[in-house]
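Visitor: For reference, the structure I am asking about is given below.
There are 2 protein chains.
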Amino acid sequence: MDGLIPVEERPALAAGPGDFVGRSVTRIEDAPLVRGEGLFAADVNFTRQLHMRVVRAELAHARILSVSTEAARAMPGVVAVWTAEDVADIPLIPFRATKVRGLEPYCQPVLARDRMRYVGEPVAVVFADDAYRAEDAAEMVVVEAEELAVLLDATAAPGEFAPGLHTEPTIVRKEYGEVEAAFRAAHAVVELELSVGRHSGVPLETRGAIARYDAARDVLELHGTAKKQHWNRDEIARLLGRPPQGVHLFEGHVGGGFGVRGELYPEDLLVCAAALRLRRPVKWIEDRREHLVATNHSREQHHRIRAAVDADGRLLGIDDVFFHDQGAYVRTHGARVVDLAAGMLPGPYRLPAFRVAGHFRLTNKTPSATYRAPGRFETTFVRERVMDAIAARLGLDRIEVRRRNLVTAAEMPHARPLDTLGVDVVLDSGDYGGLLDKALSRFGWDALQGELAARRASGECVGAGLAFFVEKSGLGPSDGVRVAVDATGAVELVSGAASVGQGVETVLAQICAEALGVDYARVRVVRGRTDRIEFGNGAHASRVTVMSGSATWKAALAVREMALDCAARLLQLPSSGLTIRDGVVMREDGLAGPTVTLAEIARGMGPNSRAMHGHTPGLTAERWFWSDHMAYPYGIHLALVRIDRGTGRVVAERYLVANDVGRAINPMLVEGQIVGGLAQGLGGALYEEFRYDPSGQPLSTTFADYLIPTIAEMPVVDVLIAEDAPSPLNPLGVKGAGEGGTNGAGAAIAAAVDDALRRPGAITALPVVPATVHRLLGGLA
Amino acid sequence: MDGLIPVEERPALAAGPGDFVGRSVTRIEDAPLVRGEGLFAADVNFTRQLHMRVVRAELAHARILSVSTEAARAMPGVVAVWTAEDVADIPLIPFRATKVRGLEPYCQPVLARDRMRYVGEPVAVVFADDAYRAEDAAEMVVVEAEELAVLLDATAAPGEFAPGLHTEPTIVRKEYGEVEAAFRAAHAVVELELSVGRHSGVPLETRGAIARYDAARDVLELHGTAKKQHWNRDEIARLLGRPPQGVHLFEGHVGGGFGVRGELYPEDLLVCAAALRLRRPVKWIEDRREHLVATNHSREQHHRIRAAVDADGRLLGIDDVFFHDQGAYVRTHGARVVDLAAGMLPGPYRLPAFRVAGHFRLTNKTPSATYRAPGRFETTFVRERVMDAIAARLGLDRIEVRRRNLVTAAEMPHARPLDTLGVDVVLDSGDYGGLLDKALSRFGWDALQGELAARRASGECVGAGLAFFVEKSGLGPSDGVRVAVDATGAVELVSGAASVGQGVETVLAQICAEALGVDYARVRVVRGRTDRIEFGNGAHASRVTVMSGSATWKAALAVREMALDCAARLLQLPSSGLTIRDGVVMREDGLAGPTVTLAEIARGMGPNSRAMHGHTPGLTAERWFWSDHMAYPYGIHLALVRIDRGTGRVVAERYLVANDVGRAINPMLVEGQIVGGLAQGLGGALYEEFRYDPSGQPLSTTFADYLIPTIAEMPVVDVLIAEDAPSPLNPLGVKGAGEGGTNGAGAAIAAAVDDALRRPGAITALPVVPATVHRLLGGLA
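Chains as they are written, first to last, in our numbering: chain A, 1125 to 1905; chain B, 1125 to 1905.
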């Protein structure tokens, strides 16, 4: 198990569900939501608050000649109007480091300085005592600009870069094995050119940020954020010249995160700076049109991939060159999507040689960054298209060619000479072939072939496709949790994790309850507040259940041990013979005997108790979990589609996602993650695309143009949650479950459409829009 | 040193001032205050808040027949009107336990149930969307009641208790030595009957309470409180049926505490209950008239004291019976004032036998509780009146009789077979005689006698008096502090202490800075928030500098040690040769060499640092300090007064307070405490009194009737801060400095007035109002 971390804690839980872990208990976070007492960003209000409205660039590339704010300033209720000059002291918004160097000059200023580089870029901001007055005044700000040539094609040769676009080609390269030799030795080489469209997370709740400066305590507060509070706090503090202890971020409820929410955007810094300078709370709520041009886009990539195979269809090598359309600026993720695409491309297959060059290219579009399954949605599409192409080229069954290449259970853990996100890629555990069998059986793959034949015979255009995916999860390096039992036996769990609506509270409460022997409903989970815990890594990269969950497990076990030790003294019984059930310490053997409650123990451990002299008081423990490696969940998407011959419309009829998550703390929540993730995957596969006209004007600025799937577009979805391969990297055996539902959707849909069209390899680009299908059907182009 | 705790930490600081400890640095808390950015209770506002107005009893004792709220409910903007029925589920407000039993039935309900027992008692509450509408509506509430006989005299025999007043006599008894034998053996017995008037803290800022229920997090917040947040949190939680973790208290700035602010009052619970039930924030700000009848009164006691002395004036025994006028209910202090009065009466004198019986009596007046120097202002007056009487009786000099009785430095620590506040009375250290010499010399006592004679000869009515006092401070049992250095080297200190304006932040920052080697201005002190630290004991009983200060010292030293250990590894030097100056770790010997900053060390100790794997990350430490004993500061008040023969008005011309505080962390703040405390002491000595008419109607409900001294009434005050007797009970040697300025004022003024009148023992009651003096001068009664 070279490169794997030994499990530090007691062995994983019993195989079956425990009292709380493994059970589909209801969500503890839902009570205020169903009562209408949720606290979304728009619900956060402070007295005397100002409202901020952003004046955004209307040209994709232009030199700013002047920004006239006089008329806006004169509008009623307007307190201030800022342009770049007013925030010249705020540095460019930074990004989290990767190994890719040289991106710093391309970061975004909070307000456009001499140039506007995409439509929607913040150019000025208006602060008024009312949101409507702010919006009216913003329309009075006049930006005079000289239009410049635009660059919209990330595959353009560097020499073709539009003059003045501030970019040099940046290339992320990864390579191992003898790639040239593999291609020389190949029985066959398949070569594909594949594109993934520009789309992104468009949560029901748009972004929002409310800043307040508490002068009495010298604390700047930012409310409404989520996902990466501590990193954001540190950067806001640095950019605004304050100590981190004087900045606190507060997360409320979240109407969808998906990777796009909670990054550090210009608007976050603008409300903070305004709260400090104007000495009034400042509120900004994004509207939908803004969201579609201002919030991170994602996905847009163009791959030129070659695969070398032997006569049996076994992969000898892959060589991929791809172009990542970053949009106009480098945002907080830096080059993470490119890095992930490059590092995760091989997926579940044994790949002796691999070379990838990811061109990180700036264009005059909205900046892009991570979106659910970043780099994996794209490369699963690419890789699985390659697998289908190999099958077609060698005349092999699509399933069989995959089986021959899957890394086997016996080969686990499987280390690749690759890294991504700064950690070595070591597939930690898995039975890929076993899950494939289960999935095909559950979907009725073999019977389906006959059914498809019959339906085709009756004139229908139907097909099935599959895609194998490998996800990554549990990005380290650390996460800490503090668990405390109060004098009434109620449990508080403070975590540096964030909640983006995925059920963090419930899952951590279940883990805590399981370890501590209390009802999970008595566990209060505090998250997303930088004032309650000094460090945290938020919620991203499917890390919370793995990292925060493991820290919770450790902290709760530590509290359990403290409680048992104390109870043993009180009850004069050996602690080894005691257990905790529903908050009561009792004999483990079930025999009658004295008991003591956690509440009683907690009261006895207060600071004024003589027994605590010399100790840190409280029935409480903070524990940290570290990991140098990620855990790799995996799975299969199976899709059955029907094509409307008249319109080219693709209808997903039936769908299965099989996903091994190591261990499902709450299967209901895992299923919810998978089905919700699939909806977004299908959006990217079939509907969603940010399109631009040749001048760089965005064409997808309403939900009439940017099409997200509704319940009517969703197929019947079956979910197969597998727990065959618990991760050896953490005490719970868990792997993340947040991104698998999205990951394989583009690939599976493409394969199913190929199959329906009876034209292997026909689909080379996502989304598979009706116009494309119609053309492939031989209809009008 | 039987009964003393050994000092746990390194020996006390060097004798002279350190970099920060012992220096009169400016207050770090003043910046927002001088900029007008303070956050007092009235400054706390939430959107959608309701305003609460209390309908108060207008009769001192009456049976409630009905409370009609219909008219009030119909007023515009009124959301709810509550009477006792609406809050019948909220238990009586509890008190902090003492050894006195049987008081529970006499606690106050949040709204009067069947009876009203003092004018000002809350009978109903109105909640409206505007404070003015709430006040208007409150006037429409009609209380129909049957008036009952009132009891206003706490010395009345139990049989005389007004029918229906819910009280039985409760007596606090303390006794040691052979009291009867002492009186039998006495050369002389002096017997006095002495009274202290009803007065209390009337801070510039009245009380205020703003409650908010955060349904999204299920947290009830109470803002505007101070002093005892954690105890109040626990009790609010218990009374409202919530876990303590679901209740948080937040302290803002405070315009004076003085013991009366921050206790748990009916209004605190009412706003909390309303916030929970009405689901809107609820604000209540006390007006001045309310304050004078609703906030704790204090002081009113009547003593019948006898002292047995030998022929040299040495005390053989004291026997005191006193009556404490508690008002209508037992409030959160329980019987503490009575207990303190009884336990602290002997003061600085060697007293072989002592017996005291404190009658804790309920009357139809505003409930009373602690006020700056509770029980000591009263008993210093009583004891020092006795010392003056002994001097007069035996024809001894007032100074000499005290000298003969003072416990000597050689007798320290001096244990008395007494307890108070549940801890044994052990005078920890002191050189009483030495301080007396210093004080007399500084005041020019001997020269003054000639000056007085000359002025009297010229017709002036002038006199001087003195009083020796012993204070208590540093009540345990525990206090904890967490110190953390952030990535910029800024230091945060989180304490369970409270700030009532006395300079807590500055003092703790100085101690932290001294230990850690940073600028005190870089230390941010977080206090008075139950969400930042699980336990705390607030600010009362002059405990903060002793208890929280010592915890700060321990925590900061722990952080220092962590930093030096880390620096030693980084710099490859032994940590014993390193020191920290202004946040930089360097060689202690001053030689050039590599350095590292605390900021760099803190960054290296973040959770994502590989070096921290297996450790709790952060350059941070939480440490607790425990104490089973109190530290006893002491001092002398010396007063020079002039009496206006025409009006009987007493003018304090010149004043000295000598106070040994063990160690003055910030002499300027100690001086401020002493002078401010003296102003309040003089108020109680000369001006302030809550008076009632025979029906129990309060007569002191405005500042025209309740007279607080202004700058015009203040004498020239000299302060002598002594550090001759550091406390052996804590690593800093500190004793509290908050109450000594008040303690001896009544006694010293009484003695000076006696002296001016040339009638020893003439003054037997406080305040010494002009009518009394005029009568004693032989003027009209």
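Glycine included, each C-beta is placed from N, C-alpha and C at the ideal position.
Between which two residues does the alpha helix (DSSP H) carrying H1415 of chain A extend?
Guide: Taking the first residue of the first sequence as position 1, residue 1415 of chain A is located at position 291. 1412 to 1418 is the span of the alpha helix (DSSP H), which, as asked, contains H1415 of chain A.
Visitor: Pick out the complete beta strand (DSSP E) segments inside the stretch 1557 to 1615 of chain A, 3 residues or longer, and give them in chain order.
Guide: 1585 to 1594, 1602 to 1609
Visitor: Reducing DSSP to helix, strand and coil, say where E1268 of chain A ends up.
Guide: Stepping through the first sequence from its first residue, residue 1268 of chain A is reached at position 144. Three-state DSSP puts E1268 of chain A in a strand.
Visitor: Report buried or exposed for F1170 of chain B, applying the criterion of at least 16 other Cβ atoms within 10 angstroms of its Cβ.
Guide: The residue given as residue 1170 of chain B occupies position 46 in the second sequence. With 16 or more Cβ atoms within 10 Å of its Cβ, F1170 of chain B is classed as buried.
Visitor: Measure the alpha-carbon distance for F1144 of chain B versus R1648 of chain B and round it to whole angstroms.
Guide: Mapped onto the second sequence, residue 1144 of chain B falls at position 20. Mapped onto the second sequence, residue 1648 of chain B falls at position 524. Answer to the nearest angstrom: the Cα atoms are 15 Å apart.
Visitor: Quick one: give me the first and last residue of the alpha helix (DSSP H) that M1838 of chain A is part of.
Guide: As a first step, residue 1838 of chain A must be located in the first sequence, where it is residue number 714. Counting along the chain, M1838 of chain A falls outside any alpha helix (DSSP H), and DSSP gives it neither H nor E.
Visitor: By the 9 Å beta-carbon criterion, what residues does the stretch 1294 to 1309 of chain A contribute toward chain B?
Guide: none
Visitor: Using a beta-carbon distance below 8 Å, is D1610 of chain A in contact with chain B?
Guide: As a position in the first sequence, residue 1610 of chain A is number 486, starting the count at 1. Yes, contact with chain B.
Visitor: If you count every other CB in all the chains shown that lies within 10 Å of the CB of S1422 of chain B, and 16 or more means buried, which is it?
Guide: Position 298 of the second sequence, counted from the first residue, corresponds to residue 1422 of chain B. When all chains shown are included, S1422 of chain B counts as buried.
Visitor: Determine, for H1175 of chain B, whether the minimum Cβ-Cβ distance to residues of chain A falls below 8 Å.
Guide: The residue you call residue 1175 of chain B lines up with position 51 of the second sequence. No, because no Cβ of chain A sits closer than 8 Å to the Cβ of H1175 of chain B.
Visitor: For the stretch 1205 to 1234 of chain A, which residues have a beta carbon sitting closer than 9 Å to at least one beta carbon of chain B?
Guide: none
Visitor: Name the two residues that bound the continuous beta strand (DSSP E) containing L1450 of chain A.
Guide: For the purposes of this step, residue 1450 of chain A is taken as the residue at position 326 of the first sequence. Residue 1450 of chain A is actually Gln in this sequence, not Leu. Taken as a continuous stretch (DSSP letters only), the beta strand (DSSP E) holding Q1450 of chain A covers 1439 to 1451.
Visitor: Have a look at the DSSP bridge pairing and note the partners of F1164 of chain A.
Guide: Mapped onto the first sequence, residue 1164 of chain A falls at position 40. Per DSSP, none; premise fails for F1164 of chain A.
Visitor: What separation, rounded to the nearest whole angstrom, lies between the Cα atoms of K1298 of chain A and P1390 of chain A?
Guide: Position 174 of the first sequence holds residue 1298 of chain A. Position 266 of the first sequence holds residue 1390 of chain A. One C-alpha to the other measures close to 32 Å.
Visitor: Step through the CB atoms of chain B and report whether any lies within less than 8 Å of the CB of L1599 of chain A.
Guide: Along the first sequence, read from residue 1 onward, the residue named residue 1599 of chain A stands at position 475. For L1599 of chain A, the answer is no, since every Cβ of chain B falls outside 8 Å of its Cβ.
Visitor: Have a look at the DSSP bridge pairing and note the partners of W1750 of chain B.
Guide: Translated into the one-based positions of the second sequence, residue 1750 of chain B becomes position 626. In the DSSP output, where bridge partners are listed per residue, W1750 of chain B has B:S1602.
Visitor: Which whole-angstrom value describes the C-beta separation of G1613 of chain B and Y1495 of chain B, a residue pair presumed to lie in contact below a C-beta threshold of 8 Å?
Guide: Position 489 of the second sequence, counted from the first residue, corresponds to residue 1613 of chain B. Position 371 of the second sequence, counted from the first residue, corresponds to residue 1495 of chain B. The pair is not a contact, with the Cβ atoms about 42 Å apart (cut-off 8 Å).
Visitor: From the beta carbon of L1328 of chain B, is the nearest beta carbon of chain A less than 8 Å away?
Guide: Your numbering for residue 1328 of chain B matches position 204 in the second sequence. With 8 Å as the cut-off, L1328 of chain B does not count as an interface residue toward chain A.
Visitor: Taking F1659 of chain A as the query, report the chain B residues whose CB atoms sit under 9 Å from its CB, ordered along the chain.
Guide: By 1-based counting over the first sequence, the position of residue 1659 of chain A is 535. Within 9 Å Cβ-Cβ: G1730, P1731, N1732, P1741, G1742.
Visitor: Pick out the complete alpha helix (DSSP H) segments inside the stretch 1858 to 1903 of chain B, 4 residues or longer, and give them in chain order.
Guide: 1864 to 1867, 1869 to 1881, 1894 to 1900
Visitor: For I1845 of chain A and D1154 of chain A, what's the separation of their Cα atoms in angstroms?
Guide: Reading the first sequence from its first residue, position 721 is the one you call residue 1845 of chain A. Reading the first sequence from its first residue, position 30 is the one you call residue 1154 of chain A. If you take the alpha carbons of I1845 of chain A and D1154 of chain A, they lie about 23 Å apart.
Visitor: Could you give the distance in angstroms between the alpha-carbon of G1522 of chain B and the alpha-carbon of D1878 of chain B?
Guide: By 1-based counting over the second sequence, the position of residue 1522 of chain B is 398. By 1-based counting over the second sequence, the position of residue 1878 of chain B is 754. Sequence inspection shows Arg at residue 1522 of chain B; the Gly mentioned does not correspond to that position. In a straight line, the C-alpha of R1522 of chain B is about 12 Å away from that of D1878 of chain B.
Visitor: Please check the pair M1792 of chain B and K1596 of chain B, which I expect to be a contact at CB under 8 Å, by giving their CB distance rounded to whole angstroms.
Guide: The sequence position of residue 1792 of chain B within the second sequence is 668, counting from 1. The sequence position of residue 1596 of chain B within the second sequence is 472, counting from 1. Their Cβ separation, rounded to whole angstroms, is 24 Å, which puts M1792 of chain B and K1596 of chain B out of contact at 8 Å.
Visitor: Rounded to whole angstroms, how far is the Cβ of T1654 of chain B from the Cβ of Q1353 of chain B, which I believe are closer than 8 Å?
Guide: If you number the second sequence from 1, residue 1654 of chain B lands on position 530. If you number the second sequence from 1, residue 1353 of chain B lands on position 229. Between the beta-carbon of T1654 of chain B and that of Q1353 of chain B there is about 5 Å, and that keeps the pair under the 8 Å contact cut.
Visitor: Which of the three DSSP states is assigned to T1207 of chain A in this structure?
Guide: Position 83 of the first sequence, counted from the first residue, corresponds to residue 1207 of chain A. Three-state DSSP puts T1207 of chain A in a strand.
Visitor: What's the gap between the Cα of A1204 of chain A and the Cα of F1374 of chain A?
Guide: Here residue 1204 of chain A refers to the residue found at position 80 when the first sequence is read from its first residue. Here residue 1374 of chain A refers to the residue found at position 250 when the first sequence is read from its first residue. Their backbone Cα atoms lie some 26 Å apart in a straight line.
Visitor: Quick one: measure Cβ to Cβ for M1264 of chain A and A1196 of chain A, integer angstroms, because I've assumed they're closer than 8 Å.
Guide: Taking the first sequence and counting its residues from 1, the one referred to as residue 1264 of chain A is at position 140. Taking the first sequence and counting its residues from 1, the one referred to as residue 1196 of chain A is at position 72. Between A1196 of chain A and M1264 of chain A the Cβ distance is about 4 Å, and since that is below 8 Å, they are a contact.
Visitor: Give the secondary structure of I1635 of chain A by DSSP, where H, G and I count as helix, E and B as strand, and everything else as coil.
Guide: As a position in the first sequence, residue 1635 of chain A is number 511, starting the count at 1. Three-state DSSP puts I1635 of chain A in a helix.
Visitor: Would you identify the three-state DSSP class for A1340 of chain A, choosing helix, strand or coil?
Guide: For the purposes of this step, residue 1340 of chain A is taken as the residue at position 216 of the first sequence. In this structure, A1340 of chain A counts as coil in the three-state DSSP scheme.
Visitor: Where does P1718 of chain B land, buried or exposed, given buried means 16+ other C-beta within 10 angstroms?
Guide: Taking the first residue of the second sequence as position 1, residue 1718 of chain B is located at position 594. Classification of P1718 of chain B: exposed, given that the 10 Å Cβ count is below 16.
Visitor: Rounded to a whole number of angstroms, what is the C-alpha to C-alpha distance between L1923 of chain A and G1546 of chain A?
Guide: This structure cannot speak to residue 1923 of chain A, because chain A is shown only from 1125 to 1905.
Visitor: Would you verify that the beta carbon of G1127 of chain B is, or is not, closer than 8 Å to some beta carbon of chain A?
Guide: For the purposes of this step, residue 1127 of chain B is identified with residue 3 of the second sequence, where counting begins at 1. Reliability of the predicted coordinates at G1127 of chain B is poor, the pLDDT of 39 falling under 50, and the value obtained from them is presented with this limitation in mind. Under the Cβ distance rule, G1127 of chain B does not count among the residues neighbouring chain A, no pair being separated by less than 8 Å.
Visitor: In this structure, does DSSP put E1812 of chain A in helix, strand or coil?
Guide: Residue mapping note: residue 1812 of chain A aligns to position 688 of the first sequence, counting from 1. Looking at E1812 of chain A - three-state DSSP - the assignment turns out to be coil, as it is neither helix nor strand.
Visitor: Kindly say whether H1377 of chain A, judged by its beta-carbon, lies nearer than 8 Å to any beta-carbon of chain B.
Guide: Here residue 1377 of chain A refers to the residue found at position 253 when the first sequence is read from its first residue. Yes - at least one Cβ of chain B is within 8 Å of the one on H1377 of chain A.
Visitor: Rounded to whole angstroms, how far is the Cβ of V1417 of chain B from the Cβ of T1490 of chain B, which I believe are closer than 8 Å?
Guide: The residue you call residue 1417 of chain B lines up with position 293 of the second sequence. The residue you call residue 1490 of chain B lines up with position 366 of the second sequence. With a Cβ gap of about 5 Å, V1417 of chain B and T1490 of chain B count as contacting.
Visitor: Should L1632 of chain A and R1684 of chain A be called a contact, given that it needs their Cβ atoms to be closer than 8 Å?
Guide: Locating residue 1632 of chain A in the first sequence gives position 508, counting from the first residue. Locating residue 1684 of chain A in the first sequence gives position 560, counting from the first residue. Cβ atoms of L1632 of chain A and R1684 of chain A: not closer than 8 Å.
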